[in-house]
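Encoded as structure tokens, the structure appears first; notes follow it.
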Amino acid sequence: MKGRDDIQLQYEPKDIFLEADKVSLQRVISNLLNNAIKFSTKGSITISSDESKPEQQKTKVQVTIIDTGSGLSEALLPKLFSKFVSTDSGGTGLGLFVSKNIIESHGGRMEARNNPNGRGATFSFVIPKKLC
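One gets the working numbering by counting positions in the sequence shown from 1 and adding 21 to each.
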């Protein structure tokens, strides 16, 4: 991608096993990474994954992607995961809508927010480790 030479990808690999549709989750992660790259001309993109087991609940897996790009418009945030919402003139506005539906079909949830330092955005999703 033109103008993307100054982006560093930070990721610490972890072995986390879960019951899920592999192709669908790859689609979600790919979409989130593509968006992070598209809206970051320099800086870094950090990917993290963790397991947690809140008391009396099923084990969950969280994936977080943090970029140092332009961030999200405050006006766009409430409708970000709706159909046909896009800030990119070349986009369809379906990527985040489809991604959120995939995560919800796995019993999870997806969130987006601006980073506290005013640089970039954070997208994350949480899904149960086991589907049932």
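Think of the CB as a built atom: it goes at the ideal place given N, C-alpha and C, for glycine as much as any other residue.
Look at the alpha carbon of residue i and the alpha carbon of residue j, and state the distance between them as a whole number of angstroms.
i    : j    : result
K151 : D36  : 15 Å
A142 : Q77  : 31 Å
N122 : S45  : 10 Å
S145 : Q47  : 14 Å
K104 : T62  : 26 Å
R140 : D27  : 15 Å
A96  : S107 : 12 Å
G64  : K81  : 30 Å
Y32  : S51  : 14 Å
Spell out the partners DSSP gives residue i in its beta bridges.
i   : result
I87 : T67 and T143
V82 : E72 and I148
L30 : I66
Leaving out five residues on either side along the sequence, give the residues of the same chain with a beta carbon under 7 Å from the beta carbon of residue i.
i    : result
S91  : F60
D232 : Lying before the first or after the last residue shown, residue 232 is absent from the chain, which here runs from 22 to 153.
Enumerate in chain order the residues of its own chain whose CB-to-CB distance from residue i is below 6 Å, with the five nearest sequence positions on each side excluded.
i    : result
L30  : I66
S69  : T85
R134 : T143
M131 : K121, I124 and F146
I127 : Residue 127 is actually His in this sequence, not Ile. Excluding sequence neighbours, H127 sits near A41 and I148.
L39  : V82 and K150
P34  : none
Counting only the same chain and skipping the five closest in sequence on each side, list residues whose C-beta sits under 8 Å from that of residue i.
i    : result
L101 : L93, L117 and A133
N136 : I87, T89, G92, A142 and T143
Stretch pair the region 48-60 + the region 110-121: three plus CB contacts closer than 8 Å: yes
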